[in-house]
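Worksheet: the structure to be examined is printed underneath.
Protein chains: 2
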Amino acid sequence: MKIKIITVGKTRKNHWQLAEQDYLKRIQRYCELQFIFTKEASQETLRNDALVKETEAIEIRKKIEAGEFVIALDQRGKTLSSEELAEFLQDKTVQGRSRFCFIIGGPLGLSPEICQQADLVLALSKMTLPHELAKIVLLEQIYRAFTIMHGEKYHK
Amino acid sequence: MKIKIITVGKTRKNHWQLAEQDYLKRIQRYCELQFIFTKEASQETLRNDALVKETEAIEIRKKIEAGEFVIALDQRGKTLSSEELAEFLQDKTVQGRSRFCFIIGGPLGLSPEICQQADLVLALSKMTLPHELAKIVLLEQIYRAFTIMHGEKYHK
Chain L
1 MKIKIITVGK TRKNHWQLAE QDYLKRIQRY CELQFIFTKE ASQETLRNDA
51 LVKETEAIEI RKKIEAGEFV IALDQRGKTL SSEELAEFLQ DKTVQGRSRF
101 CFIIGGPLGL SPEICQQADL VLALSKMTLP HELAKIVLLE QIYRAFTIMH
151 GEKYHK
Chain V
1001 MKIKIITVGK TRKNHWQLAE QDYLKRIQRY CELQFIFTKE ASQETLRNDA
1051 LVKETEAIEI RKKIEAGEFV IALDQRGKTL SSEELAEFLQ DKTVQGRSRF
1101 CFIIGGPLGL SPEICQQADL VLALSKMTLP HELAKIVLLE QIYRAFTIMH
1151 GEKYHK
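The listed protein sequences correspond, in order, to chains L and V.
FYI, in the working numbering the residues of the first sequence are 1 to 156.
FYI, in the working numbering the residues of the second sequence are 1001 to 1156.
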């Protein structure tokens, strides 16, 4: 299985970078995991939220490859438990899908088009998470999904 | 306002400690924030999940003070958006409550009694979060709630 995570804007704070690297190490035991950062559009220059999101969407689309199962993260999306997410990924794999592309928006979130075109819109929480923390929560869920799929004991 | 966060077990990983300290600094501008760690019970010695949770509950109860508004975190609890949580805390403050005590369980979660006795059982996500990450997500939501209550601009 190959998993790609696209985020708009780099991870700036050191503690988030360290957390990402920790998860990367743990997840790479189970699959090929790739982090891709796309360019954040300037809210100050564009002065229009929709335009910012559309500009960011152009860069995101360049990074999505044909055949990938695309999962856009948005708090208005579907809420799943960790077990349901593991089952979902397992089912897709059984159906022959092996490449998953998760997309996390920038400070303003994802454009509606990115969400409409995605194969799944997933909400990690009803609460708003900054994109750096959303990535950490997603990495935790991916790691947890693998331990569930492999029937491994993992702390709740 | 005074906010206390009780967690079962210390924060071990360095990146979580750094993230906690970062949020502590940001939140202390708005309120008095205190972290309390209670003792984790040994699953190996007790060999019974309910007993582990009950043992941990005894230590938790010692740290809850009279008059505190107690919020237990559990994934089966109420889901609120960040705005709804801010409004909830604001309403309680208007009603004269100024001390809030959030409780995060250990690896097995909180005992049913702690949840039953709490004033609110709150779910940060339908997904399972390890207690260290749950604390980070909670801190983000507390910080976000203050920026919402103060009408400050904060990145979505």
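Note that beta-carbon positions come from the ideal geometry of N, C-alpha and C, so glycine has one too.
DSSP, reduced to helix, strand and coil, places V/K1053 within a helical segment of the structure shown. Residue state for L/K10 is assigned as coil, using DSSP reduced to three classes.
In the DSSP annotation of this structure, L/D119 is not part of any alpha helix (DSSP H), being labelled neither H nor E.
Sequence-distant Cβ neighbours of V/A1072 in its own chain, meaning closer than 6 Å and more than five residues away, are I1103, L1110, I1114, C1115, A1118, V1121. In the three-state DSSP reduction, L/T38 falls in the strand class (E or B). Nearest Cα to V/G1105 within the set V/K1013, V/N1014, V/I1060: V/I1060.
Within the DSSP secondary-structure output, L/C101 pairs in a beta bridge with L/K4, L/V70. Excluding its 5 nearest sequence neighbours in each direction, V/T1007 has C-beta neighbours in its own chain below 7 Å: F1037, I1104, H1131, K1135, listed in chain order. A direct Cα-Cα distance of roughly 11 Å separates V/E1084 from V/K1078.
In the DSSP assignment, V/L1138 falls within the unbroken alpha helix (DSSP H) covering 1131-1149. Excluding residues up to 5 positions away in sequence, Y1154 lie with their Cβ nearer than 6 Å to the Cβ of V/T1147 in the same chain. Taking 8 Å as the cut-off, the beta carbon of V/V1052 is found closer than this to the beta carbon of V/L1108. Boundaries of the alpha helix (DSSP H) around L/K92: 82-94.
About 6 Å separates the beta carbon of L/Q141 from that of L/S82, a gap short enough to meet the 8 Å contact definition. Identification of chain L residues near V/Q1141 by a Cβ-Cβ cut-off of 7 Å yields M127, ordered along the chain. When the beta-carbon positions are compared, V/R1099 and V/E1068 come within less than 8 Å of each other. In the displayed model, V/E1032 falls within a strand according to three-state DSSP.
For L/E44, the enclosing alpha helix (DSSP H) starts and ends at 43-46.
The criterion of a C-beta distance shorter than 8 Å is satisfied by V/A1123 and V/R1076.
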